[in-house]
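Structure record follows, encoded as structure tokens.
Residue numbers (our numbering): 54 to 239.
Below, the structure is given as structure tokens:
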């Protein structure tokens, strides 16, 4: 896989499913929030976990989502750099109920192609945000923005993982588990 093919996943998934629009992001912010908190924790601990690595971690995650949707396997090993892999773990812990971190706690979670489509649309929107803040503030722009936005909510030494499956919002749980897009006014 070359660089063009690696980055093309963003365009392909956007073309197929679109990205989350503003009205959907109100509901889905409860998915983005755990991703951002987990990744900020990693960024604070690991020098390799940069804003650029976050961009690549999201692309790696989008490849995984696309593989689930299409029942394929894409070899992204040449793009699995240390920082991106650390942040990818933070993302996957946030959205994957089968991650070993949860020790079978969510084995009854329903994941299907629709779930991965919804998650892909959310990740595409997050990728857009990463690119925007990197453009506005420079190469570490995304984490600069996150520190300003969430910094006080993530205490130093707070190493507990966040997961969107822990939410108390029943409409969001339903949307995640079934893959159905729920209107934001629920």
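Virtual Cβ for every residue (Gly too), placed ideally from N, Cα, C.
Run of the alpha helix (DSSP H) containing residue i, from where it starts to where it stops
| i | result |
| --- | --- |
| residue 130 | Unbroken run through residue 130: none, as it is neither H nor E. |
| residue 193 | Unbroken run through residue 193: none, as it is neither H nor E. |
| residue 79 | 75-98 |
CA nearest to the CA of residue i, picked from the options
| i | options | result |
| --- | --- | --- |
| residue 88 | 205, 199, 209 and 208 | 199 |
| residue 178 | 108, 205 and 196 | 108 |
| residue 78 | 182, 175 and 101 | 175 |
| residue 110 | 69, 94 and 144 | 144 |
| residue 131 | 104, 90, 95 and 112 | 112 |
| residue 128 | 209, 208, 55 and 206 | 55 |
| residue 95 | 60, 147, 62 and 63 | 147 |
| residue 192 | 90, 103 and 70 | 103 |
Under the three-state DSSP convention, the category residue i falls into
| i | result |
| --- | --- |
| residue 56 | helix |
| residue 125 | coil |
| residue 70 | helix |
| residue 239 | Note that residue 239 has pLDDT 30, beneath the 50 cutoff, so the model's placement of it is unreliable and no number is given. |
| residue 146 | helix |
| residue 103 | coil |
| residue 221 | Confidence at residue 221 is low in this model, with a pLDDT of 48, below 50, so its placement is unreliable and the value that follows should be read with caution. Note: residue 221 maps to coil in three-state DSSP. |
| residue 62 | helix |
| residue 207 | coil |
Stretch-stretch touch, CB-based, cutoff 8 Å, three pairs: the stretch 128-147 with the stretch 165-175: no
At least 3 beta-carbon pairs within less than 8 Å: the stretch 183-202 vs the stretch 65-81: no
Segment contact, 8 Å Cβ cut-off, at least three pairs: the stretch 83-102 with the stretch 118-126: no
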